[in-house]
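Student: Each residue of the sequence shown is one higher than the one before, starting from 8 at the first, in the numbering used here. Backbone N, C-alpha and C fix where the C-beta goes; we use that ideal spot for every residue, glycine too. Just so it is clear, the structure is predicted and the values come from calculations on it, not from any experiment.
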Amino acid sequence: MTGRRIVATGTFDILHPGHLYYLKESKKLGDELWVIVARDSNVKHKPRPVIPEEHRLAMVAALKPVDHAILGDKIDMFRPIEEIRPEIITIGFNQLFNEQKLEDQLRARSIASRIVRIGKYADGDLCSSRLVVQRILDKRCHDLHHPEHKDH
Ligand SMILES: Cc1cc2nc3c(=O)[nH]c(=O)nc-3n(C[C@H](O)[C@H](O)[C@H](O)COP(=O)(O)O)c2cc1C
Ligand SMILES: Nc1ncnc2c1ncn2[C@@H]1O[C@H](COP(=O)(O)OP(=O)(O)OP(=O)(O)O)[C@@H](O)[C@H]1O
8 MTGRRIVATG TFDILHPGHL YYLKESKKLG DELWVIVARD SNVKHKPRPV
58 IPEEHRLAMV AALKPVDHAI LGDKIDMFRP IEEIRPEIIT IGFNQLFNEQ
108 KLEDQLRARS IASRIVRIGK YADGDLCSSR LVVQRILDKR CHDLHHPEHK
158 DH
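(1) How big is the Cα-Cα spacing for Pro154 and Cys148?
(2) Residues in its own chain within less than 8 Å of Gly25 by CB, not counting five upstream and five downstream?
(3) Okay, do the segment 93-112 and the segment 20-40 touch, 3+ Cβ pairs below 8 Å being the bar?
(4) Going by DSSP, what residues sit across from Ile82 in a beta bridge?
(5) Could you tell me the alpha carbon to alpha carbon distance between Lys81 and Lys146, rounded to whole angstroms?
(6) Quick one: grab the DSSP three-state call for Ile21.
(7) Tell me Val14's beta-bridge partners as DSSP assigns them.
(8) Taking 7 Å as the cut-off, is the beta-carbon of Arg137 closer than that to any non-hydrogen atom of ligand 2?
(9) Can you find at least 3 beta carbon pairs, one from the segment 14-21 and one from the segment 52-60, that sit closer than 8 Å?
(10) Residue range of the beta strand (DSSP E) that Ile143 falls in?
(11) By DSSP, does Leu27 sit in helix, in strand, or in coil?
(12) What three-state label does DSSP hand Met8 in the structure shown?
(13) May I ask you to check if the CB of Pro87 is nearer than 7 Å to at least one heavy atom of ligand 1?
(14) Using only the alpha-carbon positions, how far apart do Arg12 and Glu39 sit?
(15) Assuming the contact rule is C-beta atoms closer than 8 Å, Leu113 and His52 should be a hit. Round their C-beta distance to whole Å, please.
(16) Leaving out five residues on either side along the sequence, give the residues of the same chain with a beta carbon under 8 Å from the beta carbon of Ile77.
Given below as C-alpha cells:
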C-alpha cells in the first residue's frame with residue numbers, strides 16, 4: 008500500500024528556514040512529500056533565479072522532510088500532478104495562486120487533489136530568497152566601498 012502523497016512547489020532559489028517550515032508543515036499532512044521545483048524558464052513572476060534549476064533541485068532533494076524532488080514540466084504544470092496523483096497540494100503563504108481556481112483547473116483534468124495553504128514562518132526576518140540576495144548585495148557593496156569597516 009502506498010502512503011498519502013503530498014505535493015509542495017516553489018522556486019527554492021536560495022534556501023532559508025521559511026522553506027524548511029513550508030516543507031515540514033506540508034509533510035505533516037501525509038506520508039510521502041513530493042516537491043516540484045520550478046523550471047528556470049517558468050520563473051517570470053519575479054527576478055529570474057540566481058541558482059540554476061539542477062542545483063536548486065539537488066538542494067531541495069537533500070532536505071529531511073523531502074521524499075522525492077523533481078523538476079517541473081516546462082510547458083504543462085499539471086502533467087507532474089497527473090503522474091504523482093497527490094491527495095493534497097500545498098500552496099505557500101506568498102504563492103500567487105487562487106485556491107478555488109486551481110481546484111477547478113485540477114477537476115477539469117480529472118485530478119481530485121485538495122489545495123491546502125500553509126502559513127508564514129513566524130521567525131522570518133531574513134526568510135525570503137529575494138531578501139537574502141538583497142542582503143548579499145548590500146553587505147558586499149558596503150565592504151567594497153568601506154574595506155576599513157569589514158566584519159572580518
Ligand atoms: C500544482 C502546481 C504545479 C506546478 N507545476 C509546475 C511545473 O510542472 N513546472 C514548473 O516550472 N512550475 C510548476 N509550478 C510552479 C512553481 O513550482 C512555483 O510554485 C511557481 O513558480 C511560484 O513560484 P514561487 O512560489 O517560488 O514564487 C507548479 C505550481 C503548482 C501550484
Ligand atoms: N518565510 C516563509 N514562511 C513560510 N513559507 C515560505 C517562506 N518563504 C517561502 N515560503 C514558501 O516556500 C515555497 C518556495 O518559496 P520561494 O522559492 O518562492 O521562496 P521565497 O523566499 O518566497 O522567494 P522570494 O523571496 O523570491 O519571493 C513557497 O511555497 C513559499 O510560499
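Tutor: On the basis of the coordinates in this document:
(1) 10 Å
(2) Lys127, Tyr128, Gly131, Cys134, Ser135
(3) yes
(4) Ile82 is not bridged to any residue.
(5) 35 Å
(6) coil
(7) Trp41, Ile96
(8) yes
(9) yes
(10) No beta strand (DSSP E) holds Ile143; the alpha helix (DSSP H) holding it covers 136-152.
(11) helix
(12) Reliability fails at Met8, whose pLDDT of 46 lies under 50, so the model's placement of it is uncertain and the value that follows must be treated cautiously. Correct three-state label for Met8: coil.
(13) yes
(14) 5 Å
(15) At roughly 20 Å, the Cβ-Cβ gap does not stay under 8 Å, so Leu113 and His52 are not in contact.
(16) Trp41, Val42, Ile43, Val44, Leu64, Pro87
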